[in-house]
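*Asks:* The structure's right below; bear with me while I get my questions together.
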Amino acid sequence: MTLTREQLLRKLEIERELTLRAQRQLLQDSFSAFVEWAWHILEPGRVLKWNWSVELICNFLQAFAFRKFHRGIINIPPRGMKSTLVSVCFPVWVWIQDQERLKAQGVAGAEFVGPWHQFLTLANDAPLALRDAVQARNLMEHEDFRDLFGRMIQIPQGQNEKSYYRNTKNGHRNSRAIQSSLTGKGGDSITIDDPHDAEKAMSDADRQNVLDAYAGKVTSRLNDQANGGILIIMQRLHENDLAGFVRAKDGDWTEDNVRGWVSLVLPMEFELDQPGKPPVNPAKRLGFADPRTRHGELLWPERFPADAVARLRSDLERTSGVYGATAQLQQTPAPSEGGILRKSWWRRWPDDQSFPLCEHVFLSWDTAFTERDLKEASFSARTAWGVFFNEQDQGYQLILLHCWADQVAYPDLRQKAQNDTRDFSPDAHLIEKKASGISLIQDLRRAGKGRKRVRLRTYSPDRDKVARAHAVTSLLSSGVVWAPSRAWADKAIDACGVFPNGAPPSADITDTVTQALLYLKNGWWIEHPDDAVDSQYVGSEHVPDEDEDNDYRSTYGGSYG
């Protein structure tokens, strides 16, 4: 049978429509397929180098879209396609979902996707947020996209604003800087892409501004608190960056904490999980597993071979230090062995031996500066120490007897100090001379009248916490500082290991440790094995004080009275 011209054209039209329908459904069903298809529009002339990490992130985002979980974090090194995936392709893919078809197929979570979905997309500054919003709009305006999805997604011609556009199904995208005003802005999903400027994240003030913006503005912007989703994708920069902050605040996802965070962590060089330590990639418990098996295996060898990673690490260490390099490449805010005060330098007291007989016991304190600190999450910390003579090494050494840190008002801090005086029977308290420390010194003096004399060593540092940490590295690394295998001891060691990049109370605990080591070093209880006796320190000059006997002048930044 010979077809007429009109019949032939109609047949071709039907075949084309069937082909488009099959292609449309494939791209709707698979976010990774959609990303591969969209690449020729987003990056014309550039070959897409696919990697298992891209596939894994796509699967993670697809699960988030259907609300398999409501809070997600993706930590990945720079240039891993994160913005293309999360901030450009993902909102568009959610919009192209055919909700009726999904419901007919019985797909769980079908009610959370479709062109009606509203997005609030945030970044550390407005130009980055607008760049990705424009890219997403350019994708939707391309003729290839219109052929497939033009009937589903239409943006009225008058919608020319880069920071905000709405489609004809009432879905919209609102793109802002995370610290900008969000009044009247909201979404069914909130995505946060690189909330911190990498060059400013080491500033406590700049980092805190982002955390305050999140806690004070972002979380209240969900249209539906029960079913809304928040997704953060970023390279780690500090233990108390936004990823660290929200995990500490809300906890990780569990069956009993479904509003906890599912964290997909992909370091540049693979790290094996260690017994007793949190998993490197917590998301693997939900099936998002890193397929690498060898320690040090690279994330994306085709794009980042070993020599390129080495150069990148070297460059980052020069500009950001070892902490910055480790955070951005390994997604951990400190090297596994620590930076300034390495974890491997602590000696572990044998579990089968009782604590040594200590000739001198003392408590080292770091107190919150004012009552106002309690509202701003400042901590007070105390470590307890004992000085003992090690017969095997033929020298005095130091052992950690306990570690405590908490957010307490001054009356509770005073009670804690009095209880510790009773429990530890210390020979001395070491307390820095600052607002609440001065009050604590005065109260302990009053409480101690008529009892066994407990010396109060007041400390006046003239260098910052980081300089004091550097000052005790030689002593800690020499193997004269011990700690038992206890949870509180691990807390102290970990706090020192991540310092100065750690979240509270890392710096507070570390300050008590450096105070203790400087006190003992300058008091001649313990010394570096290679140190020769220097007569200029013997019989240090006495500075009169009505309450104290001696003053040890520190060459490392401070004095004890």
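In terms of my numbering, the sequence shown has 638 at position 335, counting the first letter as 1, and numbering is strictly consecutive. A virtual CB, placed ideally from N, CA and C, is assigned to each residue, including glycine.
(1) Under the three-state reduction of DSSP, which class applies to G409: helix, strand or coil?
(2) Kindly list the residues whose CB is nearer than 7 Å to the CB of P594, restricted to its own chain and excluding five residues on each side of it in sequence; keep chain order.
(3) Beta-carbon within less than 7 Å of Q365's beta-carbon, same chain only, minus the 5 sequence neighbours each way: which residues are those?
(4) Residue ranges of each beta strand (DSSP E) run of no fewer than 3 residues wholly in the segment 697 to 759, ordered along the chain?
(5) Buried or exposed: P581, going by 16 or more other Cβ atoms within 10 Å of its Cβ?
(6) What are the uninterrupted segments assigned as alpha helix (DSSP H) that are 4 or more residues long and contained completely in the segment 768 to 815, given in chain order?
(7) For I360, which three-state DSSP category applies?
(8) When you compare each of H705, F691, D610 and A529 to E662 by their alpha carbons, which one comes out closest?
(9) Could you tell me the distance, in whole angstroms, from the CA atom of A516 to the CA atom of I481?
(10) Indicate whether F337 and F369 have their beta-carbon atoms separated by less than 8 Å.
(11) Grab the span of the alpha helix (DSSP H) containing F548 for me, first residue to last.
(12) In this structure, how does DSSP classify H289 when only helix, strand and coil are distinguished?
(13) Taking the alpha-carbon positions, what's the D655 to G800 distance?
(14) Within 10 angstroms of the Cβ of F658, are there 16 or more other Cβ atoms? Answer buried if so, exposed if not.
(15) Would you call the CB atoms of N477 and K465 closer than 8 Å?
(16) Let me know if L540 comes out buried or exposed under the rule of 16 or more other beta-carbons within 10 Å of its beta-carbon.
(17) So is the beta-carbon of N804 under 7 Å away from any non-hydrogen atom of the ligand ZN?
(18) I493 and V521: beta carbons closer than 8 Å?
(19) Quick check on DSSP: helix, strand or coil for W342?
(20) Please name the residue, chosen from T635, G689 and Q633, that lies closest to L660 on a Cα-to-Cα basis.
(21) When burial is assigned at 16 or more other CB atoms within 10 Å of the CB, is H732 buried or exposed?
(22) So the candidates are L701, N362 and N441; which of them puts its Cα closest to the Cα of A341?
(23) Looking at M537 and D497, is the spacing between their C-beta atoms short of 8 Å?
(24) List the DSSP bridge partners of Q421.
(25) Where does K552 land, buried or exposed, given buried means 16+ other C-beta within 10 angstroms?
(26) I'd like to check one pair, N543 with A806: are the Cβ atoms closer than 8 Å?
(27) Could you pull the DSSP bridge partners for S386 from this structure?
(28) Closest to T815 by CA distance: which of P787, V711 and W707 is it?
(29) So the beta strand (DSSP E) W668 belongs to, where does it begin and stop?
(30) Quick check: the segment 778 to 792 against the segment 697 to 706, are there 3 or more CB pairs under 8 Å?
(31) I'd like the list of long-range same chain contacts for L423, defined as Cβ closer than 7 Å, with 5 residues on each side in sequence excluded.
(32) What distance in whole Å lies between the Cβ atoms of T817 and V775, which are believed to be in contact at a cut-off of 8 Å?
(33) So G563 packs on D555, CB below 8 Å; how close in whole Å?
(34) If I'm right that F682 touches D811 with Cβ under 8 Å, what's the distance once you round it to whole angstroms?
(35) Residues in the same chain with beta-carbon distance under 6 Å from H475, minus the five sequence neighbours each way, listed in chain order, please.
(36) Thinking just about the alpha-carbon of each residue, which of T387, M505 and I458 is nearest to the one in P398?
*Replies:* On the basis of the data shown:
(1) As a working note, residue 409 is residue 106 in the sequence shown. Note: G409 maps to coil in three-state DSSP.
(2) Position 291 of the sequence shown, counting from 1, holds the residue named residue 594. W355, listed in sequence order.
(3) To locate residue 365, count along the sequence shown from 1; it is residue 62. Excluding residues within five positions, the ones whose Cβ falls inside 7 Å are F334.
(4) 698 to 709 and 731 to 735
(5) In the sequence shown, residue 581 corresponds to position 278, counting from 1. Exposed: under 16 other Cβ atoms inside 10 Å.
(6) 768 to 774, 776 to 780 and 790 to 801
(7) Locating residue 360 in the sequence shown gives position 57, where the first residue counts as 1. In this structure, I360 counts as helix in the three-state DSSP scheme.
(8) The sequence position of residue 662 within the sequence shown is 359, counting from 1. Ranking H705, F691, D610 and A529 by Cα distance to E662 puts F691 first.
(9) As a working mapping, residue 516 is identified with position 213 in the sequence shown. As a working mapping, residue 481 is identified with position 178 in the sequence shown. Cα to Cα, A516 sits roughly 7 Å from I481.
(10) Residue numbering aside, residue 337 sits at position 34 when the sequence shown is read from its first letter. Residue numbering aside, residue 369 sits at position 66 when the sequence shown is read from its first letter. Not a contact, by the Cβ cut-off of 8 Å.
(11) As a first step, residue 548 must be located in the sequence shown, where it is residue number 245. Counting along the chain, the alpha helix (DSSP H) containing F548 begins and ends at L545 to D553.
(12) The requested residue 289 is not part of the displayed model; the chain covers only 304 to 864.
(13) As a first step, residue 655 must be located in the sequence shown, where it is residue number 352. As a first step, residue 800 must be located in the sequence shown, where it is residue number 497. The straight-line gap from Cα to Cα measures roughly 26 Å.
(14) Taking the sequence shown and counting its residues from 1, the one referred to as residue 658 is at position 355. Classification of F658: exposed, given that the 10 Å Cβ count is below 16.
(15) On the sequence shown, position 174 is the one that residue 477 refers to. On the sequence shown, position 162 is the one that residue 465 refers to. In this structure, K465 does not lie closer than 8 Å to N477 by Cβ.
(16) Here residue 540 refers to the residue found at position 237 of the sequence shown. With 16 or more other Cβ atoms within 10 Å, it is buried.
(17) What this structure holds is no ligand at all, so the ligand ZN is not there to describe.
(18) Taking the first residue of the sequence shown as position 1, residue 493 is located at position 190. Taking the first residue of the sequence shown as position 1, residue 521 is located at position 218. Yes.
(19) As a position in the sequence shown, residue 342 is number 39, starting the count at 1. The answer is helix: DSSP assigns W342 an H, G or I state.
(20) Numbered from 1 along the sequence shown, position 357 holds the residue referred to as residue 660. Ranking T635, G689 and Q633 by Cα distance to L660 puts G689 first.
(21) Reading the sequence shown from its first residue, position 429 is the one you call residue 732. Buried: at least 16 other Cβ atoms inside 10 Å.
(22) Taking the first residue of the sequence shown as 1, we reach residue 341 at position 38. Residue N441 is the option with its Cα nearest to A341.
(23) Reading the sequence shown from its first residue, position 194 is the one you call residue 497. Reading the sequence shown from its first residue, position 234 is the one you call residue 537. Cβ atoms of D497 and M537: closer than 8 Å.
(24) Along the sequence shown, one-based indexing puts residue 421 at 118. Answer is H475.
(25) Here residue 552 refers to the residue found at position 249 when the sequence shown is read from its first residue. Burial call: exposed.
(26) Residue 806 sits at position 503 when you count from the first residue of the sequence shown. Residue 543 sits at position 240 when you count from the first residue of the sequence shown. Yes, Cβ-Cβ distance for A806 and N543 is below 8 Å.
(27) In the sequence shown, the residue the question calls residue 386 occupies position 83. Per DSSP, none; premise fails for S386.
(28) Locating residue 815 in the sequence shown gives position 512, where the first residue counts as 1. Of the candidates P787, V711 and W707, the one whose C-alpha sits nearest the C-alpha of T815 is W707.
(29) Working through the sequence shown from its first residue, we reach residue 668 at position 365. Counting along the chain, the beta strand (DSSP E) containing W668 begins and ends at H663 to D669.
(30) yes
(31) Against the sequence shown, residue 423 aligns to sequence position 120. So the list reads N477, K488, G489, G490, I493 and R524, once near-sequence residues are dropped.
(32) Position 472 of the sequence shown, counted from the first residue, corresponds to residue 775. Position 514 of the sequence shown, counted from the first residue, corresponds to residue 817. Correct: roughly 5 Å between the Cβ atoms.
(33) Within the sequence shown, residue 563 is the residue found at index 260, counting from 1. Within the sequence shown, residue 555 is the residue found at index 252, counting from 1. Rounded, the Cβ-Cβ distance is 5 Å, consistent with contact.
(34) On the sequence shown, residue 682 is found 379 positions in, with the first residue counted as 1. On the sequence shown, residue 811 is found 508 positions in, with the first residue counted as 1. With 8 Å as the limit, F682 and D811 qualify as a contact, their Cβ atoms being about 5 Å apart.
(35) For the purposes of this step, residue 475 is taken as the residue at position 172 of the sequence shown. Only Q421 and R469 meet the Cβ criterion.
(36) Position 95 of the sequence shown holds residue 398. According to the sequence shown, residue 398 is Trp rather than Pro. Among T387, M505 and I458, the Cα nearest to that of W398 is on I458.
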